[in-house]
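Please read the structure below before turning to the comments.
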Amino acid sequence: MESTTLRAFKYRLYPTKAQIASLDTTLTLCQRLYNGMLEERRGAYQKAGKSLTAYDQMKSLPEVKAALPEYAGVNAQVLQDVAKRLDKSFKGFFRRVKAGQKAGYPRFRNRDRYDSFTYPQPSQNSVSGNGKHVYLPKIGNVRIKLHRPFSGKLRTLAVKREGQEWYAVLTCEIPRPAPLPQTGNAVGIDLGVRHLIVTSDGDFEDNPRPLRTAQKRLRVLQRSLSRKKRGSKRRHKARQAVARLHLKVKRQRDDLHHKAAVKLVRANDWIAYENLSITGLARTRMARSVLDAGWGSLIEKLISKAEEAGRTVVGVHPAYTSQDCQLCGHREKHSLSVREFTCKGCGAFLNRDVNAAKNILAWSMPSWTQGGSVERACPEKPRSSELG
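If you number the sequence shown the way full-length UniProt numbering does, the last residue is 388 and the count never jumps.
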């Protein structure tokens with residue numbers, strides 16, 4: 001039997017004013033239902049020690065519709081998916097508790113933090129009119145821009161709001177793609193702020209720092225927002241302007257990450273990266289630069305694309321990667337301002353980032369030998385005071 005995988009296709013929607021009102025109403029009702037179901041779960045456990053399931057709450061939906069007639073205008077399966085979404089949140093909470101991780105109890109969602117609803121069993125003919133419209137039950141045929149074709153069996157159809165824009169996310173079941181041809185290449189990548197990626201081959205991928213570029217304009221918009229009266233139409237308009245700029249920054253960063261990940265996956269069979277503690281670095285004076293680089297998003301995209309292409313991605317602890325000479329293994333601490341140095345062990349002139357990338361590659365392969373050097377495994381995790 002041919003193996004399959006799921007792939008999501010995201011398209012821009014262009015609803016009419018009446019359809020925008022229907023989409024907003026559906027989203028608001030789903031958000032209220034989510035909060036109501038969360039309160040019901042909390043109350044049932046606190047008062048009776050009973051844990052409700054998604055099935056228990058879905059059975060009560062006819063009662064909700066009888067008490068609140070406005071919910072009759074929302075597709076029944078969309079409402080059922082709200083219960084499943086909440087159930088998924090609780091399952092994630094209990095999984096983290098069991099694993100001893102920071103749990104994060106499911107929270108109530110305000111309007112700005114509930115931005116999508118899902119049709120779990122859409123019609124296979126949802127997209128019609130030569131790809132110009134998508135049919136959303138209880139809302140109608142909404143104009144859609146199919147900038148690329150989608151394929152496979154349609155599994156779910158999600159409608160998502162981003163700022164003032166609406167998108168349809170079609171999740172399709174497709175045959176698993178064949179792995180890319182082998183290249184015989186392996187690469188190590190060092191993550192940075194000035195250069196987003198530096199490879200062991202000596203390639204540098206510059207970081208345009210989209211947030212820093214937009215900082216001046218963002219500062220003006222946020223000051224304007226702070227002067228507006230709460231609850232006023234002008235404040236709402238100013239908030240939308242700030243949100244649009246943040247959305248633009250996010251898209252610029254995502255575009256850079258996608259292109260960098262595709263380039264690495266197509267050219268290499270083995271990709272090693274430094275497994276940085278991004279959460280820890282986000283608490284330092286470099287927090288803004290670290291978050292602007294978006295290393296976590298980049299690695300997530302890299303792993304996803306590599307899995308589909310049949311490539312291998314390995315994370316390496318970052319300790320000593322920039323301190324050890326990749327030729328002789330001599331270890332010497334350098335301040336972050338030193339980008340190039342001469343090894344006191346063998347006299348080699350080294351670029352700090354390229355040296356780190358080569359160490360990352362070598363330590364990801366315990367049997368790897370390079371330049372006649374002895375085989376060296378990744379060192380033990382150091383104390384925080386030893387990190388350079």
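Beta carbons: idealized from backbone N, C-alpha and C, even for Gly.
Between Leu79, Gly347, Lys88, Arg85, which has its C-alpha nearest Lys138's C-alpha?
On the sequence shown, position 138 is the one that residue 138 refers to. Selected option, being the one with the closest Cα: Leu79.
Ser200 and Ala357: beta carbons closer than 8 angstroms?
Counting from one through the sequence shown, the residue named residue 200 turns up at place 200. Counting from one through the sequence shown, the residue named residue 357 turns up at place 357. Yes, Cβ-Cβ distance for Ser200 and Ala357 is below 8 angstroms.
Decide if Tyr105 is buried, meaning its Cβ has at least 16 other Cβ atoms within 10 Å, or exposed.
Numbered from 1 along the sequence shown, position 105 holds the residue referred to as residue 105. Looking at its Cβ environment, which holds fewer than 16 other Cβ atoms inside 10 Å, Tyr105 is exposed.
One question on the structure: do Leu6 and Arg107 come within less than 8 angstroms of each other, judged by their Cβ atoms?
The sequence position of residue 6 within the sequence shown is 6, counting from 1. The sequence position of residue 107 within the sequence shown is 107, counting from 1. Taking 8 angstroms as the Cβ cut-off, Leu6 and Arg107 do not qualify as a contacting pair.
Going by other Cβ atoms of all chains shown within 10 Å of its Cβ, with 16 needed for buried, is Ala261 buried or exposed?
Locating residue 261 in the sequence shown gives position 261, counting from the first residue. Buried.
According to DSSP, simplified to helix, strand and coil, what is Ser232?
Here residue 232 refers to the residue found at position 232 when the sequence shown is read from its first residue. Coil at Ser232, not helix or strand.
Could you have a look at Val30 and say whether DSSP puts it in helix, strand or coil?
Here the question's residue 30 lines up with position 30 in the sequence shown. This sequence places Cys at residue 30; Val is not what is there. Helix at Cys30.
Could you check what DSSP says for Ala287 in three-state terms: helix, strand or coil?
Your numbering for residue 287 matches position 287 in the sequence shown. Note: Ala287 maps to helix in three-state DSSP.
Quick one: is Gln323 buried, meaning 16 or more other Cβ sit within 10 Å of its Cβ, or exposed?
Along the sequence shown, read from residue 1 onward, the residue named residue 323 stands at position 323. Gln323 comes out buried.
Let me make sure I understand the geometry here. Which of Leu361, Arg194, Leu218 has the alpha-carbon closest to that of Met286?
The sequence position of residue 286 within the sequence shown is 286, counting from 1. Here the closest residue by C-alpha is Arg194.
Please report the straight-line C-alpha distance between Ile299 and Leu136, rounded to a whole angstrom.
Sequence index remark: in the sequence shown, residue 299 carries index 299 (1-based). Sequence index remark: in the sequence shown, residue 136 carries index 136 (1-based). C-alpha separation (whole angstroms): 34 angstroms.
Find the nearest neighbour of Val198 within the set Arg288, Glu274, Ser337, Asp56, judged by alpha-carbon distance.
Walking along the sequence shown from the start, residue 198 turns up at place 198. Here the closest residue by C-alpha is Glu274.
Examine the ligand NAP and report whether any of its heavy atoms sits within less than 7 angstroms of the Cβ of Ala282.
Ligands are entirely absent from the displayed structure, and the ligand NAP is therefore not among its contents.
Alpha carbon to alpha carbon, what distance is there between Ala99 and Ser367?
Position 367 of the sequence shown holds residue 367. Position 99 of the sequence shown holds residue 99. Here Ser367 scores only 45 on pLDDT, less than 50, and its place in the model should not be relied on; the value that follows carries that caveat. Roughly 33 angstroms between the two C-alpha positions.
Taking Cβ positions, are Val249 and Pro208 nearer each other than 8 angstroms?
To locate residue 249, count along the sequence shown from 1; it is residue 249. To locate residue 208, count along the sequence shown from 1; it is residue 208. Against a cut-off of 8 angstroms, the Cβ pair of Pro208 and Val249 comes out as no contact.
Roughly how many angstroms separate the alpha carbons of Arg111 and Thr28, rounded to a whole number?
Translated into positions along the sequence shown, residue 111 becomes position 111. Translated into positions along the sequence shown, residue 28 becomes position 28. Cα to Cα, the separation comes out at about 7 angstroms.
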